[in-house]
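Below is one structure, written out as structure tokens; the observations come after it.
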Amino acid sequence: STQSTWEETVAEACSAIKARHDRTTQELAELRLEVHKEYLEFFRMLYLTLGNLIYKKEKKLEELDRNIRTTHIQLEFCIETFDPNAKKHSDAKKQLYLVRAQTEEELAMLREKQAKAQDDFQPTEEALVTAGIDFQHPADEQNEEVLNRRSKMCEYRAHLSKQEEVKIAAEREEIKRQKQIRALKHSQTTPRGASPPQIINTSGNSWQ
């Protein structure tokens, strides 16, 4: 009887310890999950900020390359025409190359930081997936943002192109109208029986 009571007491104690252990393990698991969720928000903010900086640096490189090409053409023209501004364009070209090298270095550093941030996020990503937490990966979010920017830029260029087409059409119509006005004036001022005005070829092409 005493033995039985002792065994029951030990069993109850063991059950209590196990229950406390399970409860503590559950609380720790929930705490770890909350930490992973918080880290996701931190990582998202960091990744998107770096992505935005990378995008701007890439655009700056494209602009620098355009400026370098323009300066190179200006320099070549100055050399061919013995223009004294050749040195100014040469110095500008050297400065552009220096800025480009610095921008490339900054871009490489930003990409390295972003890659490291993604590597550091890997354990958290796996933990969130295992826990069944649905979330959008910041890398996908950034790629969508870049595509949206490119799409808007294409729409803007198409809008400018359409405006230019309308402007060209309007100017053509104006040229046609001015020709009609001149022709009308000529017909009103030319004496009856006089020879019609000769049409002069100013295009440089031979008449067919």
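Just so we're aligned, residue 31 is where the sequence shown starts under my numbering, counting upward by one.
Cβ atoms here follow ideal geometry from the backbone N, Cα and C, with glycine treated the same way.
Quick caveat, the model's predicted, so the values are computed rather than measured.
Roughly how many whole angstroms lie between the Cα atoms of residue i and residue j?
i      : j      : result
Glu37  : Arg62  : 37 Å
His56  : Ala49  : Just to set this straight, residue 56 is Gln in the shown sequence, not His. Distance between the alpha carbons of Gln56 and Ala49 is about 10 Å.
Met183 : Glu195 : 18 Å
Asn115 : Asp121 : 10 Å
Leu76  : Asp164 : 20 Å
Leu94  : Val129 : 8 Å
Leu177 : Tyr85  : 11 Å
Gln132 : Thr100 : 20 Å
Arg74  : His66  : 12 Å
Ser236 : Arg96  : Residue placement at Ser236 is poorly supported in this model, since its pLDDT is 45, which falls under 50; the coordinates still yield a value, given next. Between Ser236 and Arg96, the C-alpha separation is close to 39 Å.
Ile47  : Glu155 : 33 Å
Gln208 : Lys192 : 24 Å
Glu204 : Gln218 : 21 Å
Lys117 : Thr111 : 13 Å
Does residue i pass the burial test, meaning 16 or more other C-beta atoms within 10 Å, or should it be called exposed?
i      : result
Gln172 : buried
Gln144 : buried
Pro168 : buried
His51  : exposed
Leu70  : buried
Leu158 : buried
Thr160 : exposed
Phe151 : buried
His119 : buried
Under the assumption that residue i contacts residue j (Cβ atoms under 8 Å), give the Cβ distance between them as a whole number of angstroms.
i      : j      : result
Leu91  : Glu142 : Between Glu142 and Leu91 the Cβ distance is about 16 Å, and since that is not below 8 Å, they are no contact.
Leu140 : Ile98  : Going by Cβ atoms, the distance from Leu140 to Ile98 rounds to 22 Å, so no, they are not a contact pair.
Leu137 : Glu68  : With a Cβ gap of about 30 Å, Leu137 and Glu68 do not count as contacting.
Using DSSP with H/G/I as helix, E/B as strand and the rest coil, what is residue i?
i      : result
Pro114 : coil
Phe73  : helix
Gln278 : The question about residue 278 has no answer here: the residues shown for the chain are numbered 31 through 238.
Gln152 : helix
Asp170 : helix
Ala199 : helix
Ile103 : helix
Ala43  : helix
Asp164 : coil
Examine chain B for any beta-carbon lying closer than 7 Å to the beta-carbon of residue i, and answer yes or no.
i      : result
Ala161 : Although the question refers to chain B, the structure presented lacks it and comprises just one protein chain.
- Say whether the stretch 69-84 touches the stretch 172-186, bearing in mind that this needs 3 or more beta-carbon pairs closer than 8 Å, one atom from each stretch. yes
- Query: Can you find at least 3 beta carbon pairs, one from the stretch 187-199 and one from the stretch 104-115, that sit closer than 8 Å?
  - Reply: no
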